[in-house]
Every structure is written in C-alpha cells, then in structure tokens.
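Asker:
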Amino acid sequence: MTSAERRAALEAISAEVRTCTRCRLASGRTNAVPGEGSPDTEVVLIGEAPGFNEDRLGRPFIGRAGDLLVKLLGSIEWRRDDVFITNVVKCRPPDNRDPEPDEVEACAPYLKRQLEILDPALIVTLGRHSMGRFMPGARISQAHGTTASVDPASGAGDATVFAMYHPAAALRGAEVERQSFEDVAHAPQVLLDSRARRASTAPGGTWTDRAPAPAAETEPELAPALALGPEPMPEAASDLTIF
C-alpha cells in the first residue's frame with residue numbers, strides 16, 4: 012500500500028467514525044475523534060477516550076494532557092506529526108467517565124482497521140484502558156515501561172506494544188510524570204528492536220515498506236537497550252501509583 016493509499020484509507024475510516032451511531036456515546040458527542048497523524052509512521056499512540064477539548068475540536072490529545080504528550084515526545088526528539096495518535100474509544104464518555112466494555116467493543120473495528128492500514132512496528136499505549144487491549148490482565152503500575160508482542164488479531168500484524176501511563180495521570184502526580192519521562196526515553200530503542208525483529212522475519216531479511224519513523228538513532232543514550240517481551244525492565248516499582 013502506498014502512502015497516498017494509506018492516507019485515503021485512514022480518511023475513509025475517519026469519515027465513518029464521524030457519523031457513527033454504534034453506541035450510546037454518539038448521542039452526547041460534539042465531535043467524534045477518529046485520530047490523526049502520519050500515514051507513513053511506524054509508531055501508533057493509543058489513548059483511552061476523548062476529553063472535553065478533544066470532543067469540542069474533534070482532535071486527539073489537544074488539552075493539557077496533549078501538551079504533556081508533546082513534551083514527552085519532544086524529550087526523545089519525536090513530533091506528534093511523525094506518529095499516529097488515536098484512542099480506544101472515539102467519542103467522549105459523559106463527564107470523562109471510564110469507557111464501558113460495550114463502548115470499547117463498538118469502536119474496536121475502527122481501531123483494528125487503522126492498525127491494519129498503518130501496520131506499525133511500535134504501539135504505545137497511554138493509560139490502563141488502552142493497555143488492557145494489548146496486555147490483558149496487566150496492572151499499569153507494574154507494566155508501565157515494559158513491552159510485549161502484539162496479538163495479530165488486533166490488526167497490527169507484527170508489532171511490539173510499549174505501555175505508558177496516560178499523560179492525564181502524570182498531570183495529577185509528580186512521581187508519575189517523572190516515571191513517564193523515564194519510560195518514554197526507552198521508546199526509540201524499542202522501535203529499533205522491533206524494526207530489527209521485523210526485518211529478520213521479512214522475506215529477504217529486509218523491511219522497506221515505508222520511510223523510517225523518527226527515532227533518535229543518532230543519540231542512543233536516550234534509549235537504553237530493552238529486551239522485547241512481557242518482562243518488566245529493572246525498576247523500583249513498589250511505590251508506583253495505579254491509574
């Protein structure tokens with residue numbers, strides 16, 4: 012699939028999302044929030060659900076949590092325009108409550124199709140609801156900063172998932188914010204490891220479908236080597252806040 016074809020396919024999904032009535036959230040929304048970003052990226056960031064500002068403007072992560080997300084990405088020299096950002100649920104739940112299971116399931120086909128089109132090497136989950144789609148049963152206080160293989164049934168055929176706290180949780184606690192900056196520093200190396208693994212299993216040992224996503228390859232000190240898999244990286248996890 013070419014870049015233009017990916018962009019057109021993503022825009023088609025966005026058009027469906029904006030008129031979707033699959034669940035009760037449609038009746039209370041101002042705007043659905045399909046997601047946005049580069050059609051050529053290897054990195055997809057998945058949050059939980061839109062908030063007030065996102066519902067007002069139809070864009071993901073544009074409030075205070077979005078500002079912090081931009082800072083987190085900037086700390087590893089990534090830009091939000093270089094990744095694709097979306098949510099598990101595409102419409103705002105009333106009063107920013109947690110998404111209900113049936114609401115998550117109603118949106119699941121949209122997320123699956125987005126992942127099929129983008130075929131990311133790296134999925135970064137932001138928050139426990141997003142993480143739960145890719146690391147079932149994990150607790151974010153223990154799983155943040157760790158990786159796992161992604162089930163191809165999710166739509167991502169060959170990807171690594173990297174769990175992080177939701178930026179909104181970091182806004183509520185300095186310790187979670189500190190841990191979030193520590194966690195995101197590992198993301199470039201996780202991406203490089205996932206690229207290498209994909210290349211090793213691709214026909215001919217190469218993977219050249221798209222231009223590389225923005226990784227701080229010239230500054231490896233930003234990304235200490237991480238082992239792929241569900242095991243956590245060394246960290247003092249006993250006093251972590253659950254979100």
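Quick note on numbering: the sequence shown equals residues 12 to 254 in the numbering used here.
Using N, Cα and C, we set each Cβ at its ideal position, and we do this for glycine too.
Bear in mind the structure is a predicted one, so any value in this text is a computation, not a measurement.
(1) Once DSSP output is grouped into helix, strand and coil, what is the label at Ser49?
(2) Just list the residues that DSSP pairs Ser160 with in beta bridges.
(3) Put Thr212 into one of helix, strand or coil per three-state DSSP.
(4) Report the option in Asn107, Ala207 and Val195 whose CA atom is closest to the CA atom of Arg90.
(5) If you scan the stretch 74 to 109 from start to end, which runs of the alpha helix (DSSP H) of 4 or more residues do you find wholly inside it?
(6) So is the beta-carbon of Pro214 under 7 Å away from any non-hydrogen atom of the ligand MN?
(7) Would you report the Cα separation of Gly46 and Arg17, rounded to the nearest angstrom?
(8) Indicate whether the contact test is met: 3 or more Cβ pairs, each with one atom in the stretch 110 to 127 and one in the stretch 35 to 50, closer than 8 Å.
(9) On a CA-only basis, which of Glu88, Thr41, Ile96 and Pro214 is nearest Asp66? Give me that one, please.
(10) Between the C-alpha atoms of Ala76 and Asp92, what's the straight-line distance to the nearest angstrom?
(11) State the CB to CB distance for the pair Glu53 and Ala132, rounded to an integer number of angstroms; the pair is presumed to be in contact (CB under 8 Å).
(12) Whole angstroms is fine: what's the gap from Ala180's alpha carbon to Val187's?
(13) Could you tell me the alpha carbon to alpha carbon distance between Thr171 and Leu202, rounded to whole angstroms?
(14) Just to confirm my understanding: we take Arg29, look at its own chain, exclude 5 residues before and 5 after, and list those with CB closer than 8 Å. What are they?
(15) Please list, in chain order, all residues of the same chain as Val161 whose beta carbon is under 7 Å from its beta carbon, the five residues on each side excluded.
(16) With DSSP as the reference, please indicate the residues paired to Ile134 in a beta bridge.
(17) From Ala207 to His197, what distance separates their C-alpha atoms?
(18) Please report the Cβ distance between Arg124 and Ile24, rounded to the nearest whole angstrom; I am assuming they are in contact, meaning their Cβ atoms lie under 8 Å.
Answerer: In this structure, then:
(1) To locate residue 49, count along the sequence shown from 1; it is residue 38. Ser49: coil per DSSP, three-state reduction.
(2) For the purposes of this step, residue 160 is taken as residue 149 along the sequence shown, with counting starting at 1. In DSSP, Ser160 forms a bridge with Thr171.
(3) Working through the sequence shown from its first residue, we reach residue 212 at position 201. The DSSP-derived three-state label of Thr212 is helix.
(4) In the sequence shown, residue 90 corresponds to position 79, counting from 1. For the residues Asn107, Ala207 and Val195, the minimum Cα distance to Arg90 belongs to Val195.
(5) 75 to 85, all fully within the stretch 74 to 109.
(6) The model depicted lacks the ligand MN and carries no ligand whatsoever.
(7) By 1-based counting over the sequence shown, the position of residue 46 is 35. By 1-based counting over the sequence shown, the position of residue 17 is 6. One C-alpha to the other measures close to 14 Å.
(8) yes
(9) Taking the first residue of the sequence shown as 1, we reach residue 66 at position 55. The candidate whose alpha carbon is nearest that of Asp66 is Thr41.
(10) Within the sequence shown, the letter at position 65 stands for residue 76. Within the sequence shown, the letter at position 81 stands for residue 92. For Ala76 and Asp92, the distance between alpha carbons rounds to 16 Å.
(11) Locating residue 53 in the sequence shown gives position 42, counting from the first residue. Locating residue 132 in the sequence shown gives position 121, counting from the first residue. Correct: roughly 4 Å between the Cβ atoms.
(12) Position 169 of the sequence shown, counting from 1, holds the residue named residue 180. Position 176 of the sequence shown, counting from 1, holds the residue named residue 187. Rounded to the nearest angstrom, the two C-alpha atoms are 7 Å apart.
(13) The residue you call residue 171 lines up with position 160 of the sequence shown. The residue you call residue 202 lines up with position 191 of the sequence shown. One C-alpha to the other measures close to 8 Å.
(14) Here residue 29 is taken as the residue at index 18 of the sequence shown, counted from 1. Around Arg29: Asn42, Ala43, Pro45 and Gly69.
(15) Position 150 of the sequence shown, counted from the start, is the residue given in the question as residue 161. Contacts found: Ile134, Phe145, Ala167, Ala170, Thr171 and Val172.
(16) For the purposes of this step, residue 134 is taken as the residue at position 123 of the sequence shown. In the DSSP output, where bridge partners are listed per residue, Ile134 has Val55 and Val172.
(17) If you number the sequence shown from 1, residue 207 lands on position 196. If you number the sequence shown from 1, residue 197 lands on position 186. Computed Cα separation, rounded: 16 Å.
(18) The count along the sequence shown starts at 1 and reaches residue 124 at position 113. The count along the sequence shown starts at 1 and reaches residue 24 at position 13. Right, their Cβ atoms sit about 6 Å apart.
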